[in-house]
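Note that the numbering used here numbers the sequence shown so that position 203 is 617, with each residue one more than the last. I have placed the structure first, in the form of structure tokens, so that the comments after it can refer back to it.
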Amino acid sequence: MSLDRRQFLQISAATVSAGVLSGIPLMAQAQAKGGVLNVVVQPEPPGIMIGIYQNVPSQMVGGNIFEGLLRFDADLKPHPLLAESWEEATDGMSYSFKLKEKVLWHDGKPFTSDDVVFSIDKMLRETHPRVRNFLTAVESITADGPYKVDFKMKRPFAPFIQSFEVGSMPMLPKHLYEGTDYNTNPVNNAPIGTGPLKFDEWQRGSYLKLVANESYHEEGVPSIDAVYFHVIPDGASRATAYETGKVDVLPGGAVEYFDVQRLAELPNSEITTKGWEFQGSQCFLWLNNGAKWIGDKRIRQAIMYALDRENMRDIAFFGYAKVAPSPWNSSTRFYSEDIKQYPRDVEKAKALLAEAGYDGSPIRLLPLPYGETWQRLAEIARENLIEAGIKVELTATDVAGWNQRLGEKDYDIAFSYMSQYGDPALGVARLYTTSNIIEGSPWNNVSAFSNAELDALFDAGAGEIDPEKRAKIYQQAQALIAEEVPLAWMFEMIWPTIHRSNIKNLISSAVGLNDSLGRARVE
């Protein structure tokens with residue numbers, strides 16, 4: 415199509431000057447420009463190749479190794495990264511990205527447009543559920559020389575530019591993955607990216623180490639020498655590690671919520687909830703629509719009525735969460751509370767169970783294996799459901815087992831939380847659309863809910879450029895979800911990060927620690 419009405423967007427790449435770091439790290443003593451950061455990661459990630467693993471701990475480590483074409487600030491405005499500029503047709507039917515030249519992979523090979531085309535059109539299409547969702551709107555992706563990539567659309571996809579951050583669309587090395595089994599490629603164990611930090615070692619059960627990429631393409635970055643991600647098994651031990659100086663940074667969720675304020679008030683300590691703007695995380699219960707009883711809408715509604723979410727928020731999260739009135743986060747575009755609500759009503763839950771003919775058969779509840787808070791949350795949910803007359807069995811497992819069981823639909827109900835990325839077409843649709851029911855991954859429509867009307871609404875909303883029309887479409891989608899309850903939306907998550915006061919620029923983007931650590935400095 416003609417590009418004569420194209421809107422040209424070009425933003426100068428930002429640079430961050432290197433800071434002089436001080437202090438003696440626990441694991442190593444650096445003599446160069448920066449020093450070392452010691453950060454808690456919990457639980458230990460099952461893998462750090464974020465084209466395959468989308469767990470929160472995987473993203474935190476891998477997002478500092480890999481990069482997207484763009485970075486996003488706290489207002490979700492895009493800025494250049496691997497792409498130095500881009501053009502967008504006003505009708506949303508084409509996009510062109512001009513890549514930064516002289517960018518190198520960590521093994522010294524050049525990053526080019528061939529890597530972009532391979533990453534998006536080949537590998538991520540197969541391994542990344544969200545990318546699969548985006549690509550339903552894309553007609554073709556082509557390289558126009560070594561430093562330009564063109565996208566031709568089948569139809570407009572309103573939030574397309576927002577899909578190019580590192581967690582959604584990481585750039586991957588074609589020369590290492592083409593022609594291989596992506597999931598078993600040994601490079602996954604020592605990933606090669608373009609980011610400011612590169613993989614160095616992984617002592618399983620103890621720590622992962624990333625080191626400075628001295629050939630990084632942005633002047634003054636990285637501003638530290640290394641980052642150790644410490645694997646510490648429980649919240650109390652993680653708190654002690656911070657108090658004794660073993661670690662410098664406690665990411666959101668690393669310690670028990672009751673301990674957050676005490677630790678934040680220690681000398682040389684600060685607390686922030688910034689760095690989660692892009693994620694817009696929501697906690698929910700997966701409800702396996704293919705499991706006995708859960709496939710009945712009345713049972714799913716009964717579960718919603720049975721849960722005392724206010725009590726869960728206060729006891730498990732100590733106020734660091736907001737009860738969700740909608741399957742949309744309030745930070746997600748077109749959020750509405752003008753839908754069916756589910757205040758706790760045990761008697762209504764019992765009536766729905768009786769109407770459905772529920773016979774007391776056990777229902778398996780799979781907790782999220784991310785620590786004590788999540789175990790407590792599952793225990794409270796179990797008590798709530800038992801009170802309403804639902805027999806519940808807790809079936810705990812580790813992270814790898816949790817991934818496998820959800821991917822294989824071997825569960826009845828299961829706790830999770832996922833990000834919504836500011837737009838329903840990016841982070842909400844993937845949880846509900848029929849096309850995203852895919853075996854083997856816990857990051858798609860794991861509830862296996864399928865509804866043609868809802869599919870059509872999500873398709874229409876993603877392809878509509880007019881915001882007012884999109885709002886009406888997504889109002890209908892929220893109302894339909896509220897009636898059908900494909901999953902049980904629980905909380906909007908609040909993630910307090912605690913860190914030493916002398917660590918500066920720790921969070922420099924809307925995904926926070928997931929891509930900012932190479933730009934941090936210690937004063």
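Every residue, glycine too, gets a C-beta built ideally from N, C-alpha and C.
Any idea what DSSP makes of residue i, helix, strand or coil?
i	result
ALA828	strand
LYS883	helix
ASP492	In the sequence on display, residue 492 carries Pro and not Asp. Here PRO492 sits in strand by DSSP.
THR847	coil
LYS566	strand
ALA839	helix
SER683	strand
ARG935	strand
ARG726	The question names Arg, yet the displayed sequence has Met at residue 726. MET726 falls in the helix class under three-state DSSP.
ALA572	coil
GLU898	helix
GLU822	coil
Could you please give the first and the last residue of the uninterrupted alpha helix (DSSP H) stretch that includes residue i?
i	result
VAL475	470-476
VAL545	543-549
TRP718	According to the sequence displayed, residue 718 carries Met and not Trp. MET718 -> alpha helix (DSSP H) spans 711-720.
SER922	Run containing SER922: none; DSSP gives neither H nor E here.
PHE872	866-877
PRO586	Reading off the sequence, residue 586 comes out as Leu, not Pro. Element bounds for LEU586: n/a, residue is neither H nor E.
VAL580	Per DSSP, VAL580 belongs to no alpha helix (DSSP H) and is neither H nor E.
Buried or exposed: where does residue i fall if 16 or more other Cβ atoms within 10 Å of its Cβ makes it buried?
i	result
LEU680	exposed
GLU761	exposed
SER629	exposed
ILE800	exposed
PRO439	At PRO439, the pLDDT of 32 sits below 50, so the modelled position is not reliable; the number obtained from the coordinates is stated separately. When all chains shown are included, PRO439 counts as buried.
LYS886	exposed
SER651	exposed
LEU920	buried
ASP837	buried
THR608	buried
THR746	buried
GLU906	buried
PRO647	exposed
ASP662	buried
Taking the Cβ atom as the reference point for each residue, do residue i and residue j lie within a distance shorter than 9 Å?
i	j	result
SER508	LYS566	yes
LEU871	LEU894	yes
GLY982	TYR596	There is no way to answer for residue 982, as the model of the chain reaches only from 415 to 937.
LEU664	ILE908	no
GLU807	ILE777	yes
PRO457	VAL813	yes
SER861	LEU701	yes
VAL531	GLY667	no
LEU513	ALA497	yes
ALA795	MET718	no
GLU797	ARG758	no
TYR888	PHE698	no
GLY581	VAL842	no
PRO584	GLY689	no
PHE863	TYR846	yes
ALA720	ILE804	yes
ILE645	TYR621	The identity of residue 645 in the sequence shown is Val, whereas the question assumes Ile. Yes.
GLY449	PRO636	no
For the beta strand (DSSP E) holding residue i, just list the boundary residues, first then last.
i	result
ASN452	450-454
GLN617	611-617
ALA557	552-557
LEU483	Element bounds for LEU483: n/a, residue is neither H nor E.
GLN696	696-701
THR911	911-914
Please go through the region 729-805 and give each complete beta strand (DSSP E) segment of 3 or more residues, from N-terminal end onward.
Assignment of beta strand (DSSP E) within the region 729-805, counting only whole runs of 3 or more residues, yields 735-737, 777-780 in chain order.
Please give the ranges of any alpha helix (DSSP H) in the region 497-538, keeping only runs that are unbroken, at least 4 residues long and fully inside the region.
527-531
I'd like the ranges of any beta strand (DSSP E) spanning at least 3 consecutive residues and lying wholly in the region 592-654.
611-617, 621-626, 640-644
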